[in-house]
Amino acid sequence: MSNIMRRRGGSPLGGGSKAVLTTKDFLGKTGKEAYVKPTDLLTFVDDGRIEDIQSMDHFFSLIKEDLKMVINRKVLIDRGGVKYKFERFLRPKGEEGEKVVCLGRIEQFTADFQRGKFIIDFSFEELVAEAEKV
Numbered sequence: 002m003s004n005i006m007r008r009r010g011g012s013p014l015g016g017g018s019k020a021v022l023t024t025k026d027f028l029g030k031t032g033k034e035a036y037v038k039p040t041d042l043l044t045f046v047d048d049g050r051i052e053d054i055q056s057m058d059h060f061f062s063l064i065k066e067d068l069k070m071v072i073n074r075k076v077l078i079d080r081g082g083v084k085y086k087f088e089r090f091l092r093p094k095g096e097e098g099e100k101v102v103c104l105g106r107i108e109q110f111t112a113d114f115q116r117g118k119f120i121i122d123f124s125f126e127e128l129v130a131e132a133e134k135v
């Protein structure tokens with residue numbers, strides 16, 4: 002059964018353990034397809050609106066908490082022409098949400114997270130630091 006779970010993108014471990022997605026995995030540095038290429042992430046950090054960067058930082062902190070996400074399929078366009086989604090997370094006493102700029106395959110990242118394929122143990126700052134490494 003472990004080979005089947007690995008093939009489906011889940012954890013081969015029993016007991017509900019999930020695979021841990023690393024910064025290198027996210028950026029495609031381990032041979033897997035990148036969710037966001039390092040150059041695209043660094044361009045966003047260098048040229049993007051500071052509010053959008055702060056939103057992405059908060060989004061990754063919510064993902065890191067492994068909160069349940071509400072499915073949102075609607076892609077919007079902000080006043081600056083940037084595609085984004087507003088992703089909502091469930092907390093015990095209410096919802097919390099954040100704007101997520103549609104960089105690379107970030108929509109696939111959120112879909113894979115919603116399906117429980119992995120957890121993350123990194124922050125947005127750590128992701129950017131990994132992208133800066135050559």
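Here the sequence shown is numbered in the numbering used here, starting from 2 and rising by one per residue. Glycine included, C-beta positions come from ideal geometry on N, C-alpha and C. Note that the structure is predicted; figures quoted are calculated from it, not measured.
Item: Identity of the residue in 135, 45 and 53 nearest residue 80 by Cα; Value: 53
Item: Spatial distance of residue 103 from residue 84 (CA atoms); Value: 6 angstroms
Item: Beta carbon of residue 28 nearer than 8 angstroms to that of residue 35; Value: yes
Item: Cα-Cα separation between residue 70 and residue 32, rounded to whole angstroms; Value: 28 angstroms
Item: Sequence-distant residues of its chain with Cβ nearer than 6 angstroms to residue 90 (five each side left out); Value: 63, 68, 70 and 97
Item: Nearest neighbour of residue 144, chosen from 65, 26, 49 and 110 [CA to CA]; Value: Outside the modelled stretch of the chain, which goes from 2 to 135, sits residue 144, for which no answer is possible.
Item: Inter-residue CB distance, residue 22 and residue 133 (contact presumed, cutoff 8 angstroms); Value: Their Cβ separation, rounded to whole angstroms, is 19 angstroms, which puts residue 22 and residue 133 out of contact at 8 angstroms.
Item: Whether residue 76 touches residue 88 by CB criterion (8 angstroms); Value: no
Item: Within 8 angstroms, strictly: CB atoms of residue 24 and residue 108; Value: no
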